[in-house]
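Everything on this sheet refers to the single structure shown next.
Protein chains: 2
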Amino acid sequence: MTTTSLYGPVQSDLPRVEEALDSIKDTSFPALAQMLAHVLGAEGKRLRPALALLSGRYQRYDLELLVPLAASVELLHTATLVHDDVLDDAELRRKGATINHLRGNEAAVLLGDYLISHSFHLCSSLDSQFASRVVGQTTNQVCEGELLQIHHRNDLDLDQETYLQIITCKTAVLCASCCLLGATFAGADGACVELLRQYGQCLGTAFQIQDDILDIVGEESTVGKTLGLDMLKGKLTLPIIHFLATAPHEHRALLRSLLKSRDADKVERIRNLILPSPSVEYATWRAKSLISRARAAVAALPDSPSRQVLDTLADFVITRPM
Amino acid sequence: MTTTSLYGPVQSDLPRVEEALDSIKDTSFPALAQMLAHVLGAEGKRLRPALALLSGRYQRYDLELLVPLAASVELLHTATLVHDDVLDDAELRRKGATINHLRGNEAAVLLGDYLISHSFHLCSSLDSQFASRVVGQTTNQVCEGELLQIHHRNDLDLDQETYLQIITCKTAVLCASCCLLGATFAGADGACVELLRQYGQCLGTAFQIQDDILDIVGEESTVGKTLGLDMLKGKLTLPIIHFLATAPHEHRALLRSLLKSRDADKVERIRNLILPSPSVEYATWRAKSLISRARAAVAALPDSPSRQVLDTLADFVITRPM
Chain A
0 MTTTSLYGPV
10 QSDLPRVEEA
20 LDSIKDTSFP
30 ALAQMLAHVL
40 GAEGKRLRPA
50 LALLSGRYQR
60 YDLELLVPLA
70 ASVELLHTAT
80 LVHDDVLDDA
90 ELRRKGATIN
100 HLRGNEAAVL
110 LGDYLISHSF
120 HLCSSLDSQF
130 ASRVVGQTTN
140 QVCEGELLQI
150 HHRNDLDLDQ
160 ETYLQIITCK
170 TAVLCASCCL
180 LGATFAGADG
190 ACVELLRQYG
200 QCLGTAFQIQ
210 DDILDIVGEE
220 STVGKTLGLD
230 MLKGKLTLPI
240 IHFLATAPHE
250 HRALLRSLLK
260 SRDADKVERI
270 RNLILPSPSV
280 EYATWRAKSL
290 ISRARAAVAA
300 LPDSPSRQVL
310 DTLADFVITR
320 PM
Chain B
0 MTTTSLYGPV
10 QSDLPRVEEA
20 LDSIKDTSFP
30 ALAQMLAHVL
40 GAEGKRLRPA
50 LALLSGRYQR
60 YDLELLVPLA
70 ASVELLHTAT
80 LVHDDVLDDA
90 ELRRKGATIN
100 HLRGNEAAVL
110 LGDYLISHSF
120 HLCSSLDSQF
130 ASRVVGQTTN
140 QVCEGELLQI
150 HHRNDLDLDQ
160 ETYLQIITCK
170 TAVLCASCCL
180 LGATFAGADG
190 ACVELLRQYG
200 QCLGTAFQIQ
210 DDILDIVGEE
220 STVGKTLGLD
230 MLKGKLTLPI
240 IHFLATAPHE
250 HRALLRSLLK
260 SRDADKVERI
270 RNLILPSPSV
280 EYATWRAKSL
290 ISRARAAVAA
300 LPDSPSRQVL
310 DTLADFVITR
320 PM
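These protein sequence lines are chains A and B, in that order. Under numbering that gives the first Met the number 0, think of the first position of the first sequence as 0, with each following residue one higher. Under numbering that gives the first Met the number 0, think of the first position of the second sequence as 0, with each following residue one higher.
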């Protein structure tokens, strides 16, 4: 399945979201317009807008309401990528150079702020405050998740529960909110909204676990962003947490010392230690079981042109690098 | 006049704003709560909340509406301070250490994001979208101003017009919005709202010019934040722009070479060059004429318990380090 047909019945409406994003780029300040064109360019997969539109098909599908919402969540997501890349000193994103690499950290911090601000401003263009409230609350949680992650950096005793709390806040809640907003603005009933929210939450969590697995096992040329950063930046992810809790004693000790080291070949050595162990497989299993839960939520939804797509999308998140 | 009585009839309502700010600090994550307590502590002058409340006295003074607004603008202002300190590598703010100095740039970037997010979330708690729209638009402009400033860093040919555009966006628009929001939520008529908006805009511009003057002539112990940073960071301010345009040829050449240099005594030498010239006086004159315009707007307002305070406040902005 190619990306072009991935989003089924809403694929042909994504250009409307692109137009809304284009209108943000329309500024009288050329250097800013260039940066916006760079980060909002066509390389994004627009997963979050697609989730909002797909969920918005569960009753009255109203693009006038859904397009600003979909653009707003994509702006917010892009803002977190721009700031994440500053925090991670990353050089590669969506197969291009990061803004911090091209223009420096300061421009990247401000560009991220600008994107957050425009995200809220777009929400505030809708008649009801509901979207502003949900997006505000979601962003609060995203920031809390990121702060919790920074707080636990280099914490070799990080447990799975805290890891899940971090990734739920920083990634899953936004996916859940995309579904919740889309369904709510379509006028879906409460049960349907809740199933879609659960779907988004499970999908987002699995997505982040897969992202973390790819940081260890992926190829930069395929994934399109700098890899190995979690290990370099002292962010413990599920395979590492599992390894530190279950591997033979001397292997754990070796991983602990590698994680603390500043050796140039640190990432390579960690990879070589973890890959033969069952820890990546364990993380994959956790992601898969979340995807099963996402698919169960979809199965309980009333039938609609979106249902099959949401089901396929769930698998896609963990079977190919996104 | 002491700060405690500075805000006249709304002084006694500021504790309500503090309570609203306290509720943001109420998080289950202790490290975050500590950072919030640090940046939202009592050292702030709460000028922007005071502007919102004072403007809110121009008709029905309704604290239920004004307090969330006032807290929202203070959160936004604090966010810009936190991110500014990252951009400037500043160590001192409101007479205490900056968050980037205490916890590193990454925590400071995320804390700023968290404050922006909470600012919007508070706005979205109001019934009408009006505040969300104004705050969203204001934040867009603040970010544009900051980005324009970064873009013109080390631009020794920066002209006064661009400088004014930068400080209008990054500082004045927020003060103008505080007044506009306060007056609008009080139900003031259009003419009154516009006069208060003009007042805030002139006051904010003068405030920033005074801030920039203090960066050159101030004492850190009095001003309470790291000074000399504009010169170190290549940000041209009004006294410097004036000097580069009007000083004798050899003085201009010396200033240009000092601004480009990396000497340890750079700031001291720039100070010694500029202080005897009329350039600081020129900048002060520009600030004073803006304050005259602010006071003229106030004079055209209907009489109210706020009017005298707004008038006194205008002078205060340029006569003492704030």
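Ideal Cβ positions, reconstructed from N, Cα and C, are used throughout, including at glycine. Just so we're clear, the structure is a prediction, and the values are computed from it rather than from any experiment.
Which stretch, first to last residue, makes up the alpha helix (DSSP H) that contains residue i?
i, result
"A/F184", "V172 to A185"
"A/F129", "F129 to H150"
"B/T221", "E219 to V222"
"B/P8", "First-last for B/P8: undefined, no H or E at that position."
"B/Q58", "First-last for B/Q58: undefined, no H or E at that position."
"B/T161", "Q159 to I166"
"B/E105", "N104 to C122"
"B/G40", "Looking at the DSSP string, B/G40 is not in any alpha helix (DSSP H), and its letter there is neither H nor E."
"B/L312", "P304 to T318"
"B/D88", "Neither: B/D88 is in no alpha helix (DSSP H) and is coded neither H nor E."
"A/L202", "G189 to V216"
Round the Cβ separation of residue i and residue j to the nearest angstrom and send it over; I've been treating them as touching at under 8 Å.
i, j, result
"A/L5", "A/L312", "7 Å"
"A/V108", "B/V85", "6 Å"
"B/H82", "A/N139", "Rounded, the Cβ-Cβ distance is 17 Å, inconsistent with contact."
"B/M34", "B/L110", "5 Å"
"A/A190", "A/I290", "Not quite, the Cβ-Cβ distance comes to about 21 Å (not below 8 Å), so this is no contact."
"A/A78", "A/I23", "The pair is not a contact, with the Cβ atoms about 11 Å apart (cut-off 8 Å)."
"A/L243", "A/L155", "7 Å"
Please report the straight-line C-alpha distance between residue i and residue j, rounded to a whole angstrom.
i, j, result
"B/T161", "B/T283", "18 Å"
"A/E145", "B/A296", "45 Å"
"B/A49", "B/R319", "17 Å"
"B/Q200", "B/V72", "15 Å"
"A/M75", "A/I165", "Sequence check: residue 75 of chain A is Leu here, not Met. Taking the straight line joining both Cα atoms gives about 18 Å."
"B/P14", "A/H241", "49 Å"
"B/Q10", "B/D310", "15 Å"
"A/K232", "A/V279", "19 Å"
"A/D21", "A/T183", "26 Å"
"B/R285", "B/A32", "41 Å"
"B/L202", "B/D314", "9 Å"
"A/S176", "B/A30", "26 Å"
"B/H120", "A/H120", "12 Å"
"B/E105", "A/K234", "13 Å"
"A/M0", "B/T137", "Unreliable placement is indicated for A/M0, whose pLDDT of 43 sits below 50; no coordinate value is reported for it."
"A/E267", "A/S260", "12 Å"
"A/T2", "A/G43", "The pLDDT assigned to A/T2 is 49, lower than 50, so where the model puts this residue is not dependable, and the model offers no usable value."
"A/P67", "A/A298", "28 Å"
"A/P275", "B/C142", "48 Å"
"B/Q207", "B/D12", "26 Å"
"A/G217", "A/D302", "36 Å"
"B/L179", "B/D210", "23 Å"
"A/P304", "A/L62", "16 Å"
"B/L300", "B/R306", "8 Å"
Quick one: is the Cβ of residue i within less than 8 Å of any heavy atom of the ligand GDP?
i, result
"A/V66", "With respect to the ligand GDP, the structure shown offers nothing to examine, as it has no ligands at all."
May I ask you to report which of helix, strand or coil DSSP gives residue i?
i, result
"B/G95", "strand"
"A/E18", "helix"
"A/A296", "helix"
"B/D83", "helix"
"A/S27", "coil"
"B/T225", "coil"
"B/T236", "coil"
"B/R261", "coil"
"B/T1", "The predicted position of B/T1 is uncertain, since its pLDDT is 47 and thus under 50; a value taken from the coordinates is nonetheless stated next. Coil."
"B/R270", "helix"
"B/L68", "helix"
"A/P277", "coil"
"A/P48", "helix"
"B/A246", "coil"
"A/L155", "coil"
"B/L231", "helix"
Taking 9 Å as the CB-CB cut-off, is residue i touching chain D?
i, result
"A/C201", "Considering every chain present, this structure includes no chain D. Its protein chains are A and B."
Contact set between the segment 151–179 of chain B and chain A, restricted to residues whose Cβ is under 9 Å from the partner: R152
Name the residues in the segment 277–293 of chain B whose C-beta lies less than 7 Å from a C-beta of chain A; which are they? Cβ proximity to chain A below 7 Å picks out nothing from the segment 277–293 of chain B.
What residues in the segment 78–109 of chain A bring their beta carbon closer than 7 Å to a beta carbon of chain B? H82, V85, L86, E105, A106, V108 and L109
Using a Cβ-Cβ cut-off of less than 7 Å, give me the residues of the segment 131–146 of chain A that come near chain B, in sequence order. Contacts with chain B (Cβ-Cβ distance below 7 Å) from the segment 131–146 of chain A involve S131, R132, G135, Q136, T138, N139, C142, E143, E145 and L146, listed in chain order.
Identify each residue in the segment 9–25 of chain B for which the Cβ-Cβ distance to at least one residue of chain A is less than 8 Å, and report them in chain order. none
Which of the residues in the segment 204–232 of chain B, read from start to end, lie with their CB under 8 Å from any CB of chain A? none
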